[in-house]
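Visitor: First, the structure itself, so that you have it in front of you.
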Amino acid sequence: MRTLNTNVRILLTAVWGFISFLSISSGRMVGNRFEPPDGTCYIGVSPQNNQTKPLTIDEKTGLKHTAFSYFFTFPLSKEDRYTLQGMARDLKEDPNPRLLVITLEPWGGLDSVTPEACRELADVCAECDIPILVRFAHEMNASWYPWGQRPTQYKKVFRLLAETLMANAPNTGTIWSPISGLGYPFSFGQYACTTENPEFRLLDTNKDGKLCQDDDMYTPFYPGDDVVDWIGMGILHYGSQHALGSNTLPGEDLVDGILRGEYFIPSIYDKFCRSRNAKPLVITDTSALYDPNKGGTPEPAIKQAIIKQLYDPARLRKMKKLKMIIWLDKFKQEPCVQADIDWRVSNNPDVIDTYRGAIEKKGSGNRRVFLQAPDAAPWLK
């Protein structure tokens, strides 16, 4: 009888775990797409957008990245459709399954996102026939993008896109990706919400007649558990707090401070990744600023410091829903510091060695916690 009861308990536990993984909404089942086990984390990279051969960076670093992240203007142009399909073909040729992350930027505003554009994207993704996560209109709680601080329309359009993908492209999932609330409500931006805007009342969550850091900087923009698979947030070190653009070491608590809300802002991890419908978290772009035209701290020291924070097996034991980290591997002009910045991890031999060593470091029980492509295969289906 004891064996029978034990078996029944095991069976019930397994069934409950499966039910917890799924949520029922609008007649369909939703799971956190492509999510690896708790305490493990995919490694990803965001190459230069003109580097359309994703696996090139594997050759430079000696690693097999699980995820590759690219930006596209949305609706897609004909050229971008071909580019996306070409990337997918390259990834499919590799024997290891890979994950493509695409950030869609509606520069024509949210009105430019039509049902036809969403269906076209879904058809392209389905044709790609590889795992794809779609990150739509990131940093929507900020004020510098034409899709920013328009929560009602943003949620409506996000849901339209997500539901179209789910109905027509079963190989896709979604990422909802606000910016850290540090500095919210970002009133300096071109698209900042003013008191005259009908959306102001929705964003003034504490009803004090103004937008400030005491307002909820995330929830008004959240489109719903049934259409969000992953939570995303970027972590970039832009230099000293008092000298943006300077070559300085990141603070020792930079990563934890942003994710756990230690800078007088709410914890996005606690809010969305510890709840009953807990979502996996992806750090959508991360690096530390290095300006090759300035003095200060050398590049290896700056990037090695943030690598050691990011790729720490101990953090995965505490933040078990941190499931993917994507390095911003770009050299690009940054308007906010008016300089060309080298964010790359793949360009300096000392940085590459530190990066590879951190990722190959094993966790407790001598198991891999940072998953390269061969390790990730069971969950990329």
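Each residue of the sequence shown is one higher than the one before, counting from 1217 in this note's numbering.
Idealized CB from N, CA, C, for every residue including glycine.
Quick caveat: nothing in here was measured; it's all calculated off a predicted structure.
#1: When the distance is taken between beta carbons, is THR1390 closer than 7 Å to VAL1350?
#2: Using only the alpha-carbon positions, how far apart do ALA1333 and ILE1542 sit?
#3: Is GLU1515 helix, strand or coil when you go by DSSP?
#4: Residues bridged to THR1319 by DSSP?
#5: Under 7 Å between the Cβ atoms of PRO1367 and PHE1437?
#6: Is it right to say TRP1559 is buried, meaning 16 or more other beta carbons lie within 10 angstroms of its own, or is it exposed?
#7: Give the range of the beta strand (DSSP E) segment to which TYR1361 is assigned.
#8: Work out the CA separation of GLY1461 and SER1580 for me, nearest whole Å.
#9: Out of LEU1544, PRO1414, GLU1412 and PHE1402, which one is the CA nearest neighbour of MET1433?
#10: So what's VAL1340 in DSSP terms, helix, strand or just coil?
#11: Can you find the residues in the same chain that come closer than 6 Å, C-beta to C-beta, to CYS1552, ignoring five residues on each side of it along the sequence?
#12: Nearest to ILE1557 by alpha carbon, out of PRO1270, GLN1264 and ARG1490?
#13: Would you kindly work out how many angstroms separate the C-alpha atoms of ILE1318 and VAL1329, rounded to a whole number?
#14: Please name the residue in MET1382, TRP1363 and ILE1523 whose C-alpha comes closest to that of ARG1249.
#15: Report the residue from LYS1539, LYS1519 and ASP1545 whose alpha carbon sits nearest the alpha carbon of ASP1566.
#16: For the beta strand (DSSP E) containing PHE1547, name the first residue and the last one.
#17: Going by Cα to Cα distance, which pick from ILE1523, GLN1525 and SER1396 is closest to GLY1477?
#18: Quick check: the Cα distance between LEU1470 and HIS1453, rounded to an integer number of angstroms?
#19: Measuring CB atoms only, is the segment 1528-1545 touching the segment 1493-1501, in the sense that at least three cross pairs come out at less than 8 Å?
#20: Please classify SER1359: is it buried, with 16 or more other beta-carbons within 10 angstroms of its beta-carbon, or exposed?
#21: Is the CB of PHE1352 under 7 Å away from at least one CB in chain C?
#22: If you draw a straight line from the C-alpha of PHE1480 to the C-alpha of ASP1296, how long is it?
#23: Starting from LEU1419 and walking both ways along the alpha helix (DSSP H), at which residues does that stretch end?
#24: Taking the C-alpha atoms as reference points, what is the distance between PHE1252 and HIS1458?
#25: Look up ASN1384 in the DSSP assignment and say whether it is helix, strand or coil.
#26: Using 8 Å for Cβ pairs, my map puts VAL1561 next to TYR1571. What's the rounded Cβ distance?
#27: Please list the segments of the beta strand (DSSP E) lying wholly inside the segment 1413-1471, counting only runs of 3 or more residues, in order along the chain.
#28: Just checking, does the segment 1372-1386 make contact with the segment 1422-1431 on the three C-beta pairs under 8 Å criterion?
#29: Roughly how many angstroms separate the alpha carbons of ILE1575 and LEU1292, rounded to a whole number?
#30: If you draw a straight line from the C-alpha of PRO1331 to the C-alpha of MET1356, how long is it?
Guide: Checking against the coordinates, here is how it stands:
#1: As a working mapping, residue 1350 is identified with position 134 in the sequence shown. As a working mapping, residue 1390 is identified with position 174 in the sequence shown. Contact: yes.
#2: On the sequence shown, position 117 is the one that residue 1333 refers to. On the sequence shown, position 326 is the one that residue 1542 refers to. Distance between the alpha carbons of ALA1333 and ILE1542: 27 Å.
#3: Taking the sequence shown and counting its residues from 1, the one referred to as residue 1515 is at position 299. Correct three-state label for GLU1515: helix.
#4: The residue you call residue 1319 lines up with position 103 of the sequence shown. THR1319 pairs with PHE1287 and ARG1351.
#5: The sequence position of residue 1367 within the sequence shown is 151, counting from 1. The sequence position of residue 1437 within the sequence shown is 221, counting from 1. Contact: yes.
#6: In the sequence shown, counting from the first residue as 1, residue 1559 sits at position 343. Result: buried.
#7: For this step, residue 1361 is matched to residue 145 along the sequence shown. That residue, TYR1361, is in no beta strand (DSSP E); it is neither H nor E in DSSP.
#8: Counting from one through the sequence shown, the residue named residue 1580 turns up at place 364. Counting from one through the sequence shown, the residue named residue 1461 turns up at place 245. When rounded, the distance between both Cα atoms is 38 Å.
#9: The count along the sequence shown starts at 1 and reaches residue 1433 at position 217. Among LEU1544, PRO1414, GLU1412 and PHE1402, the Cα nearest to that of MET1433 belongs to PHE1402.
#10: Within the sequence shown, the letter at position 124 stands for residue 1340. DSSP places VAL1340 in helix when its eight states are reduced to three.
#11: Here residue 1552 is taken as the residue at index 336 of the sequence shown, counted from 1. Around CYS1552: no qualifying Cβ.
#12: Within the sequence shown, residue 1557 is the residue found at index 341, counting from 1. Of PRO1270, GLN1264 and ARG1490, the residue nearest in Cα terms is GLN1264.
#13: Within the sequence shown, the letter at position 102 stands for residue 1318. Within the sequence shown, the letter at position 113 stands for residue 1329. Each residue's Cα considered, the two are about 16 Å apart.
#14: Locating residue 1249 in the sequence shown gives position 33, counting from the first residue. Closest by alpha carbon: MET1382.
#15: For the purposes of this step, residue 1566 is taken as the residue at position 350 of the sequence shown. Closest by alpha carbon: LYS1519.
#16: Position 331 of the sequence shown, counting from 1, holds the residue named residue 1547. Per DSSP, PHE1547 belongs to the beta strand (DSSP E) from 1547-1550.
#17: Translated into the one-based positions of the sequence shown, residue 1477 becomes position 261. Nearest option by C-alpha distance: SER1396.
#18: By 1-based counting over the sequence shown, the position of residue 1470 is 254. By 1-based counting over the sequence shown, the position of residue 1453 is 237. Whole-angstrom Cα-Cα distance: 8 Å.
#19: yes
#20: To locate residue 1359, count along the sequence shown from 1; it is residue 143. Flag for SER1359 reads buried.
#21: Protein chain content of the structure displayed is limited to a single chain, and chain C is not contained in it.
#22: Here residue 1480 refers to the residue found at position 264 when the sequence shown is read from its first residue. Here residue 1296 refers to the residue found at position 80 when the sequence shown is read from its first residue. Each residue's alpha carbon lies about 40 Å from the other.
#23: Taking the first residue of the sequence shown as position 1, residue 1419 is located at position 203. Here the alpha helix (DSSP H) through LEU1419 covers 1416-1419.
#24: Position 36 of the sequence shown, counted from the start, is the residue given in the question as residue 1252. Position 242 of the sequence shown, counted from the start, is the residue given in the question as residue 1458. Here residue 1252 is Pro; the residue named in the question, Phe, does not match the sequence. For PRO1252 and HIS1458, the distance between alpha carbons rounds to 39 Å.
#25: Counted from its first residue, the sequence shown places residue 1384 at position 168. It is helical.
#26: Numbered from 1 along the sequence shown, position 345 holds the residue referred to as residue 1561. Numbered from 1 along the sequence shown, position 355 holds the residue referred to as residue 1571. That pair is a contact at about 5 Å.
#27: 1446-1453
#28: no
#29: Taking the first residue of the sequence shown as 1, we reach residue 1575 at position 359. Taking the first residue of the sequence shown as 1, we reach residue 1292 at position 76. Approximately 34 Å between the Cα atoms of the pair.
#30: Sequence index remark: in the sequence shown, residue 1331 carries index 115 (1-based). Sequence index remark: in the sequence shown, residue 1356 carries index 140 (1-based). About 20 Å.
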